[in-house]
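*Asks:*
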Amino acid sequence: MEATFQINNNPKKRTFIYKGFKAFSNGAYQNALFFFSQALFLDKDDLNAKIGLLLADIAMDFPKEAYGFYELYQNLLNSQPRAARAKVQHQILDLIKSFDSNLNKLSDLFYDEDSIKADSIDGILYKDFKKLTKNKNFKKTFQSLMFSTKIIFTNKNDFYDFLELLIENDLYEMSISYIENIQNLTFYDNKINKILQKAAQKQSENTKTH
Numbered sequence: 045m046e047a048t049f050q051i052n053n054n055p056k057k058r059t060f061i062y063k064g065f066k067a068f069s070n071g072a073y074q075n076a077l078f079f080f081s082q083a084l085f086l087d088k089d090d091l092n093a094k095i096g097l098l099l100a101d102i103a104m105d106f107p108k109e110a111y112g113f114y115e116l117y118q119n120l121l122n123s124q125p126r127a128a129r130a131k132v133q134h135q136i137l138d139l140i141k142s143f144d145s146n147l148n149k150l151s152d153l154f155y156d157e158d159s160i161k162a163d164s165i166d167g168i169l170y171k172d173f174k175k176l177t178k179n180k181n182f183k184k185t186f187q188s189l190m191f192s193t194k195i196i197f198t199n200k201n202d203f204y205d206f207l208e209l210l211i212e213n214d215l216y217e218m219s220i221s222y223i224e225n226i227q228n229l230t231f232y233d234n235k236i237n238k239i240l241q242k243a244a245q246k247q248s249e250n251t252k253t254h
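For the sequence shown, the positions run 45 to 254 when this note's numbering is used.
#1: Leaving out five residues before and five after Asp101 in sequence, what residues of the same chain have Cβ atoms less than 7 Å from its Cβ?
#2: Grab me the residues of Ser123's own chain with a C-beta within less than 7 Å of its C-beta, minus the 5 sequence neighbours each way, in chain order.
#3: Quick check on Asp152: buried or exposed, where buried means 16 or more other Cβ atoms within 10 Å of its Cβ?
#4: Could you compute how far the alpha carbon of Leu121 sits from the alpha carbon of Ser188?
#5: Taking just the CA atoms, how far does Thr193 sit from Ala93?
#6: Given this structure, state the Cα-to-Cα distance separating Asn70 from Leu176, to the nearest angstrom.
#7: Under the DSSP definition of a beta bridge, which residues are partnered with Leu169?
#8: In whole angstroms, what separates the C-alpha of Phe173 from that of Ile223?
#9: Phe68 to Met104, Cα distance in whole Å?
#10: Candidates Leu210, Tyr204, Ile168: which alpha carbon is nearest Ile196's?
#11: Quick one: residues in its chain with C-beta nearer than 6 Å to the C-beta of Ile220, no 5 flanking neighbours on either side, listed in chain order?
#12: When DSSP labels each residue in this structure, what does Glu46 get in the three-state scheme?
#13: Measure from the alpha carbon of Asn119 to the alpha carbon of each residue in Gln135, Phe85, Ala72, then state which is nearest.
#14: Can you say whether Phe32 is buried or exposed, counting buried as having 16 or more other CB atoms within 10 angstroms of its CB?
#15: Classify Ala128 as helix, strand or coil using the three-state DSSP reduction.
#16: Assuming Phe182 and Leu207 form a contact by the criterion Cβ under 8 Å, report the distance between their Cβ atoms to the nearest whole angstrom.
#17: Look up Ala243 in the DSSP assignment and say whether it is helix, strand or coil.
#18: Distance check for Lys56 and Ala83, CA to CA, integer angstroms please.
#19: Can you look up Asn179 in the DSSP assignment and give me helix, strand or coil?
#20: Within 10 angstroms of its Cβ, does Ala130 collect 16 or more other Cβ (buried), or is it exposed?
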């Protein structure tokens, strides 16, 4: 046990991780890859180094998206208690891996509204779902539908609006779950980043009050 403790807290490892994120922030992605690889050589299970390595790898082709993940990672770490650090890291790893392994177009996620015929819809259009919730309790309406039908989105703005409504109605964990389970995450952008931050903040506030 003592040997493992010493390896996991190796000051060299911490230095490599620090240099890795500094290189990443400066756009020196090859250098970042090297530093994170060295850190993982010292401790193959370090989640911080794993995240850094994946971010540096993604940044070689998608720097904007990689930096978006990095900002989200830092914001989540800063908004959550230290005890939740590992949970945050696993969430970020899942998001990054989903992005990295599913380089498909956002259009695969949505349906073309013009091509949808009323008799062929296997679910409910989001615009119709919103009509249902207009004069009713959103939370109850959503929960009554979620197990019996699926909500069909025809554009990403509707999807963003839906995620925001989930958070506003204290269904923030569901909002996070929707984002984590998206198979085609190449549309990850600042809007998704802000929604995740809002959900994390709501989650943090709820944890403090209970």
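Even for Gly, the Cβ is constructed at its ideal location relative to N, Cα and C.
Only a predicted model underlies this, so the values are computations on that prediction, with no experimental measurement involved.
*Replies:* In this structure, then:
#1: Leu77
#2: Ala244, Gln245, Ser248
#3: Low local confidence applies: a pLDDT of 47 at Asp152 is under 50, so the model's placement there is unreliable, with the coordinate-based value given in what follows. Looking at its Cβ environment, which holds fewer than 16 other Cβ atoms inside 10 Å, Asp152 is exposed.
#4: 34 Å
#5: 41 Å
#6: 49 Å
#7: Residue pairing for Leu169: DSSP places it in a beta bridge opposite Ile196.
#8: 19 Å
#9: 10 Å
#10: Ile168
#11: For Ile220, where only same-chain residues beyond five positions count, the Cβ hits under 6 Å are Ala243.
#12: Summary for Glu46: the model assigns pLDDT 37, below 50, so the residue's position carries little reliability, and this model does not support an answer.
#13: Answer by Cα proximity: Gln135.
#14: Residue 32 lies beyond the stretch modelled for the chain, which goes from 45 to 254, so this question has no answer here.
#15: helix
#16: Not really, about 13 Å apart at Cβ, beyond 8 Å.
#17: helix
#18: 8 Å
#19: coil
#20: Under this definition Ala130 is an exposed residue.
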